[in-house]
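For reference, the structure discussed in these notes is given below.
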Amino acid sequence: MLATMFLLGLVYVVLIAVLIAAGVGALTVAVIAGILFLVQYFSSDKLALYSMGAQQVSAEQAPELHATIERLCIQANLPMPRVAIANTPMPNACAVGRSPDTSTVCVTTGLLELLDQSELEAVLGHELTHVANRDVMLLTIASFFASIAAFIVQLGFFFGGGFGGSDRDDPGPGFVVVILVSGVVYVVSFVLLHGLSRYREFAADRGSAIITGRPSALSSALLKISGQMDRIPQRDLRAASSELAALYIFPPKVEQSVATLFSTHPPLEARLAALGRLEAQLQGIG
Numbered sequence: 507m508l509a510t511m512f513l514l515g516l517v518y519v520v521l522i523a524v525l526i527a528a529g530v531g532a533l534t535v536a537v538i539a540g541i542l543f544l545v546q547y548f549s550s551d552k553l554a555l556y557s558m559g560a561q562q563v564s565a566e567q568a569p570e571l572h573a574t575i576e577r578l579c580i581q582a583n584l585p586m587p588r589v590a591i592a593n594t595p596m597p598n599a600c601a602v603g604r605s606p607d608t609s610t611v612c613v614t615t616g617l618l619e620l621l622d623q624s625e626l627e628a629v630l631g632h633e634l635t636h637v638a639n640r641d642v643m644l645l646t647i648a649s650f651f652a653s654i655a656a657f658i659v660q661l662g663f664f665f666g667g668g669f670g671g672s673d674r675d676d677p678g679p680g681f682v683v684v685i686l687v688s689g690v691v692y693v694v695s696f697v698l699l700h701g702l703s704r705y706r707e708f709a710a711d712r713g714s715a716i717i718t719g720r721p722s723a724l725s726s727a728l729l730k731i732s733g734q735m736d737r738i739p740q741r742d743l744r745a746a747s748s749e750l751a752a753l754y755i756f757p758p759k760v761e762q763s764v765a766t767l768f769s770t771h772p773p774l775e776a777r778l779a780a781l782g783r784l785e786a787q788l789q790g791i792g
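For the numbering used here, add 506 to where a residue sits in the sequence shown, where the first one is 1.
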């Protein structure tokens with residue numbers, strides 16, 4: 507994860523250097539970038555829950571779910587998050603929020619119907635590890651400059667080269683360089699961000715194993731979720747926005763990506779193997 511973050515930082519430094527060297531409306535881009543970052547940072551969790559159709563539930567509305575999460579939070583030394591339920595047959599869970607104090611853990615009705623208590627605890631432990639590691643904030647910040655790079659490319663094509671009132675019909679070489687570099691930054695960032703997302707899934711699996719002491723329960727939950735995905739109508743899977751895929755414990759895609767580089771989650775086999783090693787370690791035979 508450190509290596510990936512370093513490479514992301516290096517890529518973004520190159521983008522900023524090219525923008526400064528080309529003199530492309532740096533102040534305007536900075537202001538727009540600041541606004542976009544604030545919107546993304548403070549509203550991404552609300553937008554994600556809204557996109558999922560999730561509703562926050564109280565302890566009176568979902569007493570067993572609240573009690574389970576509260577018990578796991580005590581074990582993990584975390585503040586109690588808000589709890590939400592999304593009414594969908596797709597079995598999944600996610601955690602959103604920029605910090606443990608502002609986090610929300612969301613589960614679907616399909617997940618609650620599918621898993622037994624120990625499997626549900628393992629999944630919730632996975633999500634609470636994301637909260638403890640501040641993964642949502644990490645990915646939000648890491649993806650920010652990729653969003654800016656995409657914005658610059660779109661703006662350039664929309665205005666035909668007219669940054670800061672320049673001649674649309676005769677874009678200078680500096681503009682062309684900025685468009686090319688921004689495009690490269692977006693592509694490289696896309697690959698690196700997906701790599702970072704896969705690393706954080708491994709870390710969250712490990713955190714769940716440590717919190718619950720039962721890696722096998724998470725393995726069982728992942729196998730059940732994976733098997734159930736094949737039975738969910740494709741229209742329901744397509745309704746789960748691909749932009750939210752990184753937030754789920756299991757990617758809600760009809761077809762798994764052939765290229766691991768473009769997947770937000772590690773292959774199921776790799777996650778099960780890692781959990782198996784953890785199980786052996788906890789039992790003292792690894």
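Built from N, CA and C at the ideal position, the CB exists for glycine as well.
> Between the C-alpha atoms of Thr-608 and Ser-549, what's the straight-line distance to the nearest angstrom?
Replying inline: Against the sequence shown, residue 608 aligns to sequence position 102. Against the sequence shown, residue 549 aligns to sequence position 43. Ser-549 has its alpha-carbon roughly 11 Å from the corresponding atom of Thr-608.
> So, are the CB atoms of Leu-571 and Ala-601 less than 9 Å apart?
Replying inline: To locate residue 571, count along the sequence shown from 1; it is residue 65. To locate residue 601, count along the sequence shown from 1; it is residue 95. No, they are not a contact pair.
>> Quick check on the burial criterion: 16 or more other C-beta atoms within 10 angstroms. Buried or exposed for Arg-777?
In response: Along the sequence shown, one-based indexing puts residue 777 at 271. Buried, since its Cβ has 16 or more Cβ neighbours within 10 Å.
> When we look at the beta-carbon of Asp-551 and count the other beta-carbons within 10 Å, is it buried (16 or more) or exposed?
Replying inline: Counted from its first residue, the sequence shown places residue 551 at position 45. With 16 or more other Cβ atoms from the protein chains shown falling within 10 Å of its own Cβ, Asp-551 counts as buried.
> In three-state DSSP terms, what is Ile-755?
Replying inline: Locating residue 755 in the sequence shown gives position 249, where the first residue counts as 1. Coil.
> What is the rounded straight-line gap between the Cα of Gly-559 and the Cα of Leu-544?
Replying inline: Sequence index remark: in the sequence shown, residue 559 carries index 53 (1-based). Sequence index remark: in the sequence shown, residue 544 carries index 38 (1-based). Spanning the two alpha carbons is a distance of roughly 23 Å.
> Since Gln-562 is in the alpha helix (DSSP H), which residue starts that stretch and which ends it?
Replying inline: The sequence position of residue 562 within the sequence shown is 56, counting from 1. Here Gln-562 belongs to no alpha helix (DSSP H); instead the beta strand (DSSP E) covers 560 to 562.
> Under a Cβ-count criterion, where at least 16 other Cβ atoms within 10 Å of its own Cβ denotes burial, should Ile-755 be classed as buried or exposed?
Replying inline: Taking the first residue of the sequence shown as 1, we reach residue 755 at position 249. Buried: at least 16 other Cβ atoms inside 10 Å.
> How would you write the range of the alpha helix (DSSP H) that Arg-588 sits in, first residue to last?
Replying inline: What you label residue 588 is simply residue 82 of the sequence shown in a count that begins at 1. Careful: Arg-588 lies outside any alpha helix (DSSP H), inside the beta strand (DSSP E) at 588 to 592.
>> Considering Cα atoms alone, identify which of Val-589, Arg-604, Cys-612, Leu-617 is closest to Pro-597.
In response: In the sequence shown, residue 597 corresponds to position 91, counting from 1. Answer by Cα proximity: Leu-617.
> Anyone know if the C-beta pair for Ala-794 and Cys-612 falls short of 9 Å?
Replying inline: Shown here, the chain extends from 507 to 792; a query on residue 794 therefore has no answer.
> Are there 16 or more other CB atoms within 10 angstroms of the CB of Arg-706, so buried, or fewer, so exposed?
Replying inline: In the sequence shown, counting from the first residue as 1, residue 706 sits at position 200. By the Cβ neighbour-count rule, Arg-706 is buried, with 16 or more other Cβ atoms within 10 Å of its own.
>> Can you look up Thr-646 in the DSSP assignment and give me helix, strand or coil?
In response: Locating residue 646 in the sequence shown gives position 140, counting from the first residue. It is helical.
>> Beta-carbon within less than 7 Å of Leu-784's beta-carbon, same chain only, minus the 5 sequence neighbours each way: which residues are those?
In response: Within the sequence shown, numbered from 1, the residue matching residue 784 stands at position 278. Around Leu-784, the same chain offers Arg-712, Ala-715, Pro-721 as residues with beta carbons nearer than 7 Å, after the five sequence neighbours per side are excluded.
> Who are the near neighbours of Leu-626 in its chain, counting only those whose CB is closer than 6 Å to its CB and skipping five residues on each side?
Replying inline: Residue mapping note: residue 626 aligns to position 120 of the sequence shown, counting from 1. Excluding five sequence positions before and after Leu-626, none of the CB atoms of its chain fall closer than 6 Å to its own CB.
>> Please identify the residue among Val-697, Leu-728, Gln-581 whose C-alpha is closest to the C-alpha of Thr-770.
In response: Within the sequence shown, residue 770 is the residue found at index 264, counting from 1. Measuring C-alpha to C-alpha distances from Thr-770 to each of Val-697, Leu-728, Gln-581 identifies Val-697 as the nearest.
> In its own chain, which residues sit with a C-beta less than 8 Å from the C-beta of His-632, not counting the 5 before and 5 after it?
Replying inline: Mapped onto the sequence shown, residue 632 falls at position 126. Excluding positions up to five away in sequence, the list reads Ala-599, Ala-710, Asp-711, Gly-713, Ser-714, Leu-724, Ile-755.
> What is the residue span of the beta strand (DSSP E) that Ala-568 lies within?
Replying inline: Taking the sequence shown and counting its residues from 1, the one referred to as residue 568 is at position 62. Bounds of any beta strand (DSSP E) do not take in Ala-568, whose DSSP letter is neither H nor E.
>> Threshold first: 4 residues or longer. Then list the alpha helix (DSSP H) segments lying entirely within the region 586 to 643, N to C.
In response: Annotation: the region 586 to 643 contains the following complete segments of the alpha helix (DSSP H) (minimum length 4 residues), in chain order: 615 to 620, 623 to 638.
> Hey, Pro-587 and Val-537: beta-carbon distance below 9 Å or not?
Replying inline: Sequence index remark: in the sequence shown, residue 587 carries index 81 (1-based). Sequence index remark: in the sequence shown, residue 537 carries index 31 (1-based). Cβ distance not < 9 Å, so Pro-587 and Val-537 don't count as in contact.
> Using the beta-carbon count (16 or more within 10 Å), is Ser-695 buried or exposed?
Replying inline: What you label residue 695 is simply residue 189 of the sequence shown in a count that begins at 1. Result: buried.
>> Let me check understanding here. Comparing Cα to Cα, which of Ile-575, Ser-557, Ser-564, Leu-699 lies closest to Ile-717?
In response: By one-based count along the sequence shown, residue 717 stands at place 211. With distances taken between CA atoms, Ile-717 lies nearest to Ile-575 out of Ile-575, Ser-557, Ser-564, Leu-699.
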